[in-house]
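Numbering (our numbering), first residue to last: 48 to 200.
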């Protein structure tokens, strides 16, 4: 999905929910879709304020659930106390691999997940509505050389 299509989807979703399309919400959207790596709510606040300095922390925290409900952002919890986010690329079948040495999150296409989710759910008489695959992995280079080439934070 293009950024323009995602922006239109966001504006439409806000309208459907009876919420106003404000410059602050659009700045949050723009900041989120400008990020190439996973980000926290506080990271998003910092980037959104560069676009519109009137963006408040409360607006960021209220807008994140709206963006995840509308499938514009993926929320990732790696068990470290804060959630991370990444703009959705349109592919819903992704696996997340988390490096336990540097906490970097890699997302890879996992087309088998749809089949797997349907297969195991149907055996129980259920229909899948969401699924995720998250793998924790160690950095081989870090274990061998003491430095992780993927460290970004």
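For every residue, glycine included, the Cβ atom is placed at its ideal position computed from N, Cα and C. Predicted model, so just to flag it, every value in this text is computed and none were measured.
Taken through DSSP and simplified to helix, strand or coil, residue 129 comes out as coil. Around the beta-carbon of residue 164, 16 or more other beta-carbon atoms lie within 10 Å, marking it buried.
If you draw a 10 Å sphere on the C-beta of residue 75, you find 16 or more other C-beta atoms in it, and that means buried. Cα atoms of residue 90 and residue 173: separation of roughly 38 Å, rounded to the nearest angstrom. By DSSP's assignment, residue 92 forms no beta bridge with any residue. Of the candidates 149, 179, 184 and 168, the residue whose Cα lies closest to the Cα of residue 157 is 179.
For the options 168, 166, 145 and 171, the alpha carbon positioned closest to that of residue 195 is the one of 145. Under DSSP, no beta-bridge partner is assigned to residue 84. Taking C-beta atoms as the reference points, residue 79 and residue 114 count as a pair closer than 8 Å. Pairing residue 188 with residue 149, the inter-Cα distance amounts to about 12 Å.
By the criterion of a C-beta distance shorter than 7 Å, residue 85 is surrounded in its chain by 123, 131, 132, 133 and 152, once the five residues flanking it on both sides are discounted. Nearest Cα to residue 135 within the set 119, 128, 127 and 129: 119.
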